[in-house]
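Working notes, structure below.
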Amino acid sequence: MALPPAPADPSPLPTLSISLALNPPVHSRATSTALPTLTIEALLSSPKPITICTWHTILHPRQALQQRAFEIVHTATQTPVPQVSKKSKRPAVKAQMGGPDERLFVTLVPQVPYTVETTFGPEKSGGLEDADGDGRPVYGMSGLKNGRYTLRVRGGEGTGTVAWWRWGTKEENLKPAAGTEGEDWAVGKAGEQFPPLKIDAGEIAGVDFVVD
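Residues 998 to 1209 (the working numbering) make up the sequence shown, in order.
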């Protein structure tokens, strides 16, 4: 059974402002083996709270890194650095409280920052293929040669949008786990009426960082 269509709402469409940060901004391999932390902050402009599904958005930073939602360029020349990607396969996300996918849904409150973090690089090195021909795959910070770089949001389809959202809190929008056995409250099936929220990559400031 597909998730039923939500009733129409006359409120203006919400917008999301995104900002990035890398800490520390200077990574020295001589003094630290730990990779920097990538922080993504979202600020909602809306008359009331909304609930979003973070899967396949930049607010799911680990998946966003795997899907090359971010672009790394040489700061001086603005030349992109080739990166590897990792495919991410899973069953359809289910909008259900108490289920394994509940963690993928978050409630955003107007003008209250929502922050997520991840390691800026692979959790483990295995399984990455060579990206630039020199035997060192680039995945986040991992594999970069010494130099100055800028991290930017690539944008485009998928991670450049929030495909599923609803007015109200998660508790108001997700179906309760009890009493729904056998029903498939899958996200993205026929009947979805809310237009995707676009994330304008051009409005997100890049972050400069150094590898030495």
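Cβ coordinates follow ideal geometry from the N, Cα and C atoms, glycine included.
ask   = Is it the case that the Cβ atoms of F1102 and L1010 are separated by a distance below 8 Å?
value = No, they are not a contact pair.
ask   = Count the other CB atoms within 10 Å of the CB of A1089; is the residue buried (16 or more) or exposed (fewer)?
value = exposed
Residue of P1044, T1036, L1013, I1049 minimising C-alpha distance to F1191 = Per the C-alpha coordinates, the member of P1044, T1036, L1013, I1049 positioned closest to F1191 is I1049.
request  = Can you have a look at T1210 and say buried or exposed, based on whether 16 or more other CB atoms are within 10 angstroms of its CB?
outcome  = Residue 1210 falls outside the range modelled here, since the chain spans only 998 to 1209, and no answer is possible.
ask   = Smallest Cα separation from W1161: which of A1092, P1058, S1025?
value = A1092
key: Beta-carbon spacing of V1081, V1070 below 8 Å   = For V1081 and V1070, no; Cβs fall outside 8 Å.
task = Determine the extent of the alpha helix (DSSP H) in which L1062 is found, giving its start and end residues.
result = Note, L1062: alpha helix (DSSP H), 1058-1063.
ask   = Applying the criterion that 16 or more other CB atoms from any shown protein chain within 10 Å of the CB defines a buried residue, is E1180 buried or exposed?
value = Confidence is the limiting factor: at E1180 the pLDDT is only 44, short of 50, which leaves the residue's position unreliable and the question unanswerable from this model.
message = Taking the beta carbon of G1144 as the centre, do at least 16 other beta carbons fall within 10 Å, making it buried, or is it exposed?
response = With fewer than 16 Cβ atoms within 10 Å of its Cβ, G1144 is classed as exposed.
inquiry  = According to DSSP, is K1083 part of a helix, a strand, or is it coil?
reply    = K1083: coil per DSSP, three-state reduction.
Bounding residues of the alpha helix (DSSP H) (the contiguous stretch that carries N1020) = No alpha helix (DSSP H) holds N1020; the beta strand (DSSP E) holding it covers 1012-1020.
ask   = In this structure, does DSSP put L1035 in helix, strand or coil?
value = DSSP, reduced to helix, strand and coil, places L1035 within a strand of the structure shown.
key: Range covered by the alpha helix (DSSP H) that runs through E1169   = Element bounds for E1169: 1167-1170.
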